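*Asks:* Numbering (our numbering), first residue to last: 825 to 1841.
Cβ coordinates follow ideal geometry from the N, Cα and C atoms, glycine included.
Here the structure is a predicted model, which is why all the values come from computation and not from measurement.
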């Protein structure tokens, strides 16, 4: 075993390993270095080295310092005799290679760590100013200037930094005090840099008064060891000087100050000075007058700029001018929460910050990542801005001071406040230790095991430094994420709930302020809902108290939070005592497997009136939101089997159709919920709704037929089929679509045709009656007006009667309507034979004649002129307006009738399929097809969204601002950091899309030739 100086009782490598050295052989060699003669055998030295974060690094730094020191003997004797110096010096050398480098270059600075008086333990901003000023004064040779002055400033700055780091590492200053000292040192450094600039530019100094406003962490007195120092410059002209020359001079001084701090000299640089938080950012002037600042903030500033100003504090230069600046902006800062979209703006900015982090760094990012420092800071600042307008105790630039005040005054739960305080201190301490090593700006947790070991030991983890560090980091990250999600909402609940002794609740006024900031239109009503849901000592209330803080946030992320909260209360009232509903809520907590159910419920309930209305008619359907497969539409076959089995067991036709309608109600909710949550596209919604309608009609038809047989005691003597028409036949139904159908029957062999017709009419009329009986589900309107002779003709015809009518009396519009005919219920063979019978009408053997085309155009023009509601805006009517559904569908149908006889692919009931087939066959320009398809999709999405939001059909955009915002959200328009998307954006985008489509319609359908094809425009 290797040892050193065994004759004098030297330490073996085994012992060095036990003392914490990772390279025992190298440590043994360094202990033999002549520079350590006289103390290498001192057991207190090894003990002190062992206590450091990195004994190897500390020993290396000590050897380098001793080798460089001119007063080595004094250094070593003091080190041996004075425990405070030993702990401070070795503690710093064990965490910071960069400060070890500084001591090797400037060994005399070790004396900075010897003194330990009251002033040293709690240095003031003035202390740092005096220290730096003294370093820049050389009475023997005159004050240094130019690069010499910059080098002197850097050395003096690091000398002060050395003393701060010593207090930090030894625990005589906590993380908040260290951050404050670093900010105070930064302010003193800015002042010293300004003094150097004034010496170098005396003429400019005489022309202006210049104040430096600290922003960000510098302004909040919570600075890191290495960070950009954010500032804003404000200037004014002294008496007798014009404003223009004064601002120019101030700009030169400010630029010189920034260079003095950031320039790289022989002694390196200090840190960059960042003035990009000034009005207009990099594009704005570096220096402004106070009046110019105020004019900008009052007229142009965005929400994030007021959030940044929350930490503004005069730190250097003309402090009286700086105080006037701070006093002037304060009223603007503390009324910023009254701005439109304040909370969405702040939350959107936070999301943008997280999205900008490289994917591989998200989980190691202490500052910006989820569960990091910025989550705490954003939440605290949001609460400060909301409640600080009425409560001056919250107006602090310090995150920890503000968090303490928020907790004391009840704006944050006391336990939550304590947890966040602990997490913030840990994260800041970890950030400090990471930066201290190389004095480099970084916020990433390292991956190298040696770095993690040093970090863990520096935080006091000795038995398993890496494992304990990583476990604490993950636990803290998770806790911050959890608290960040609920922090803004939990005290709203506490405002109406039973609190523990000593807890403080939000006042009604404060709760109203927070609800208003979240976008609730009726804060008093919201509080009543919370009280109804969460007050009391029942298990139900306890679960609601756990869930509601997060759900309030999800409701707030919708266009109508009030409606979402009301619907949640109504559903909870209906289901609150059922065991499975309580279990669903309980299992929807943070981090649980069922956690998506609560969020899905909140987003669906806040989407508009349709989903809550469907859910309140059948509250048990909420279980779908907690089922992984619950938001996937069921197949037609599965629904058919369920409905037919239930109808077969039902004791009466009424009960049978009630069951079929209840299945439809459940499936409608499933489809709406999946649509709102983004799981279905337009085509999937159309197919699912059409399948549900078809299955409902099929069940109702069987129920009516079975009921007729039971009631009359006779067998049904005719076969019946239901033929879907319109969007139903095209599998393109929307939420507001009726069921357009034709009814066809065929007597069973041997049954009198008159008797069969009587039976068919009785069954169909009973089917329609049963589907429209008052019930808890939405009625299904069965519209048979497209039948021969319309409302004047018989409701049901035989196949032969249809054939006779179409061969003799059929009009062109009826042939066009039959393009979308598709059997959906009843006798499948009869339905197939109906399609075979109408094929020549749908796909004329030689296409359309010129007269036919002119007739179709006249019909379309007449509909446009007569059917658009009076006063309706043709540019926003989704059905009959310019470029809307009718325009696109008539183009597709004209092409089908012209070319379907020759192009089998055109023989489809779907509009989009017909457009694609026409483009593929070359009878429609591909770009024109794309334009028409986009317009059809957009109009369909708008119609569906309007129905979801309003709960009733409409062919145009809602006029209510909130309803229009809800439609916009369903269409994918979200708020941005600069405010919510305006209502005009949604409508103008629709007009733009449909305007292009109308141009195609005019050319392709009406034959206008004054425009080029869309593909060439």
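According to the neighbour-count rule (16 or more other Cβ atoms, all chains shown, within 10 Å of its Cβ), is residue 1574 buried or exposed?
*Replies:* Taking the first residue of the chain shown as 1, we reach residue 1574 at position 750. Its Cβ having fewer than 16 others within 10 Å, residue 1574 is exposed.
*Asks:* Skipping 5 residues on each side, what residues in its chain have a beta carbon closer than 7 Å to that of residue 1698?
*Replies:* One-based indexing of the chain shown puts residue 1698 at position 874. Only 1692, 1705, 1706 meet the Cβ criterion.
*Asks:* Can you name the start and end residues of the beta strand (DSSP E) that residue 1621 belongs to?
*Replies:* For the purposes of this step, residue 1621 is identified with residue 797 of the chain shown, where counting begins at 1. 1620-1622 is the span of the beta strand (DSSP E), which, as asked, contains residue 1621.
*Asks:* In whole angstroms, what separates the C-alpha of residue 909 from that of residue 882?
*Replies:* Taking the chain shown and counting its residues from 1, the one referred to as residue 909 is at position 85. Taking the chain shown and counting its residues from 1, the one referred to as residue 882 is at position 58. Looking at the two C-alpha atoms, the distance is approximately 14 Å.
*Asks:* Considering only residues of the same chain and omitting the five flanking positions on each side of residue 1582, which have a CB-CB separation below 6 Å?
*Replies:* Looking up residue 1582 in the chain shown gives position 758. Cβ neighbours of residue 1582 beyond the five flanking positions: none.
*Asks:* Pick out whichever of 938, 989, 1686, 978 has its Cα sitting closest to the Cα of residue 1258.
*Replies:* Residue numbering aside, residue 1258 sits at position 434 when the chain shown is read from its first letter. Residue 1258 has its Cα closest to that of 989, out of 938, 989, 1686, 978.
*Asks:* Does DSSP put residue 1544 in a helix, in a strand, or in coil?
*Replies:* Sequence index remark: in the chain shown, residue 1544 carries index 720 (1-based). Reduced to three states, the DSSP call for residue 1544 is strand.
*Asks:* Quick check on the DSSP output: the alpha helix (DSSP H) that includes residue 1379 runs from which residue to which?
*Replies:* Your numbering for residue 1379 matches position 555 in the chain shown. Run containing residue 1379: 1363-1380, per the alpha helix (DSSP H) assignment.
*Asks:* Could you tell me the alpha carbon to alpha carbon distance between residue 890 and residue 837, rounded to whole angstroms?
*Replies:* Numbered from 1 along the chain shown, position 66 holds the residue referred to as residue 890. Numbered from 1 along the chain shown, position 13 holds the residue referred to as residue 837. Straight-line Cα distance between these residues: approximately 23 Å.
*Asks:* Out of 1497, 1658, 1548, state which residue places its alpha-carbon closest to the alpha-carbon of residue 1768.
*Replies:* Position 944 of the chain shown, counted from the start, is the residue given in the question as residue 1768. When each option's Cα is compared against that of residue 1768, the closest is 1497.
*Asks:* In angstroms, rounded to a whole number, what distance separates the CA positions of residue 1187 and residue 1131?
*Replies:* Counting from one through the chain shown, the residue named residue 1187 turns up at place 363. Counting from one through the chain shown, the residue named residue 1131 turns up at place 307. Near 26 Å, if we compare the C-alpha coordinates of residue 1131 and residue 1187.
*Asks:* Which residue comes first and which comes last in the alpha helix (DSSP H) that contains residue 897?
*Replies:* Along the chain shown, one-based indexing puts residue 897 at 73. Per DSSP, residue 897 belongs to the alpha helix (DSSP H) from 896-905.
*Asks:* Where do the N-terminal and C-terminal ends of the beta strand (DSSP E) with residue 1146 fall, by residue?
*Replies:* Indexing the chain shown from 1 puts residue 1146 at position 322. Where residue 1146 is concerned, there is no enclosing beta strand (DSSP E), although the alpha helix (DSSP H) it sits in stretches over 1143-1157.
*Asks:* Would you call the segment 1360-1374 and the segment 1187-1199 touching, i.e. three or more CB-CB distances under 8 Å?
*Replies:* Judged by Cβ distances under 8 Å, the segment 1360-1374 makes no contact with the segment 1187-1199, as fewer than three pairs qualify.
*Asks:* Taking only the alpha-carbon atoms, compute the straight-line gap between residue 1752 and residue 1681 and give it to the nearest angstrom.
*Replies:* The residue labelled residue 1752 in the question sits at position 928 within the chain shown. The residue labelled residue 1681 in the question sits at position 857 within the chain shown. The alpha-carbon atoms of residue 1752 and residue 1681 are separated by roughly 19 Å.
*Asks:* From the DSSP secondary-structure annotation, give me the bridge partner or partners of residue 1038.
*Replies:* Position 214 of the chain shown, counting from 1, holds the residue named residue 1038. Residue 1038 pairs with 1055, 1137.
*Asks:* Using 8 Å as the Cβ pair cut-off and three pairs as the minimum, do the segment 1047-1054 and the segment 1159-1171 touch?
*Replies:* Because the criterion of three Cβ pairs below 8 Å is not met, the segment 1047-1054 and the segment 1159-1171 do not touch.
*Asks:* Write down the C-beta distance between residue 1545 and residue 1472 rounded to the nearest angstrom, noting that I regard them as a contact closer than 8 Å.
*Replies:* By one-based count along the chain shown, residue 1545 stands at place 721. By one-based count along the chain shown, residue 1472 stands at place 648. Not confirmed; about 20 Å, so no contact.
*Asks:* Could you tell me the boundaries of the beta strand (DSSP E) in which residue 1571 lies?
*Replies:* In the chain shown, counting from the first residue as 1, residue 1571 sits at position 747. It spans 1563-1571 - the beta strand (DSSP E) in which residue 1571 sits, taken as one unbroken run.
*Asks:* May I have the straight-line CA-CA distance separating residue 1474 from residue 1480, to the nearest angstrom?
*Replies:* Taking the first residue of the chain shown as position 1, residue 1474 is located at position 650. Taking the first residue of the chain shown as position 1, residue 1480 is located at position 656. Looking at the two C-alpha atoms, the distance is approximately 5 Å.
*Asks:* According to DSSP, is residue 1607 helix, strand or coil?
*Replies:* Indexing the chain shown from 1 puts residue 1607 at position 783. Note: residue 1607 maps to strand in three-state DSSP.
*Asks:* Expressed to the nearest angstrom, what Euclidean distance is found between the alpha-carbon atoms of residue 1189 and residue 1780?
*Replies:* One-based indexing of the chain shown puts residue 1189 at position 365. One-based indexing of the chain shown puts residue 1780 at position 956. Computed Cα separation, rounded: 47 Å.
*Asks:* Do residue 1817 and residue 1759 come within 8 Å of each other at the CB atom, strictly closer than that value?
*Replies:* Counting from one through the chain shown, the residue named residue 1759 turns up at place 935. Counting from one through the chain shown, the residue named residue 1817 turns up at place 993. In this structure, residue 1817 lies closer than 8 Å to residue 1759 by Cβ.
*Asks:* Distance check for residue 842 and residue 835, CA to CA, integer angstroms please.
*Replies:* Along the chain shown, one-based indexing puts residue 835 at 11. Along the chain shown, one-based indexing puts residue 842 at 18. Rounded to whole angstroms, residue 835 to residue 842 spans 11 Å at the Cα level.
*Asks:* Below 8 Å CB to CB, which residues in the same chain sit around residue 1086 once its five sequence neighbours on both sides are set aside?
*Replies:* Position 262 of the chain shown, counted from the start, is the residue given in the question as residue 1086. Excluding sequence neighbours, residue 1086 sits near 1093, 1094, 1095, 1096, 1097.
*Asks:* Contact check, residue 1436 vs residue 1399 under 8 Å by CB: the rounded distance?
*Replies:* Locating residue 1436 in the chain shown gives position 612, counting from the first residue. Locating residue 1399 in the chain shown gives position 575, counting from the first residue. Incorrect: roughly 13 Å between the Cβ atoms, too far for contact.
*Asks:* Apart from the five residues on each side of it in sequence, which residues of its chain come closer than 6 Å, Cβ to Cβ, to residue 1070?
*Replies:* Position 246 of the chain shown, counting from 1, holds the residue named residue 1070. Counting only Cβ-Cβ distances below 6 Å, and skipping sequence neighbours, we find 1031, 1032, 1061.
*Asks:* Where does the unbroken beta strand (DSSP E) through residue 1650 begin, and where does it stop?
*Replies:* One-based indexing of the chain shown puts residue 1650 at position 826. Per DSSP, residue 1650 belongs to the beta strand (DSSP E) from 1646-1650.
*Asks:* Around the C-beta of residue 1430, are 16 or more other C-beta atoms found within 10 angstroms, so that it is buried, or is it exposed?
*Replies:* Within the chain shown, numbered from 1, the residue matching residue 1430 stands at position 606. Residue 1430 should be labelled buried.
*Asks:* Could you tell me whether the segment 1639-1658 touches the segment 1535-1553, using the rule of 3 or more Cβ pairs below 8 Å?
*Replies:* Contact holds: three or more Cβ-Cβ distances are below 8 Å.
*Asks:* If you measure from the beta carbon of residue 930 to each beta carbon in chain B, is any gap under 8 Å?
*Replies:* Included in the structure is just one protein chain, with no chain B present.
*Asks:* With DSSP run on the structure shown, which of helix, strand or coil describes residue 843?
*Replies:* Residue 843 sits at position 19 when you count from the first residue of the chain shown. In this structure, residue 843 counts as coil in the three-state DSSP scheme.
*Asks:* Am I right that residue 1089 and residue 971 are in contact with their C-beta atoms under 8 Å? What's the rounded C-beta distance?
*Replies:* The sequence position of residue 1089 within the chain shown is 265, counting from 1. The sequence position of residue 971 within the chain shown is 147, counting from 1. 6 Å between Cβ atoms; contact.
*Asks:* Which whole-angstrom value is the C-beta distance of residue 1519 and residue 1463, which I expect to be below 8 Å?
*Replies:* Against the chain shown, residue 1519 aligns to sequence position 695. Against the chain shown, residue 1463 aligns to sequence position 639. With 8 Å as the limit, residue 1519 and residue 1463 qualify as a contact, their Cβ atoms being about 4 Å apart.
*Asks:* Can you check whether the CB of residue 1219 is closer than 8 Å to the CB of residue 1003?
*Replies:* Within the chain shown, residue 1003 is the residue found at index 179, counting from 1. Within the chain shown, residue 1219 is the residue found at index 395, counting from 1. No, Cβ-Cβ distance for residue 1003 and residue 1219 is not below 8 Å.
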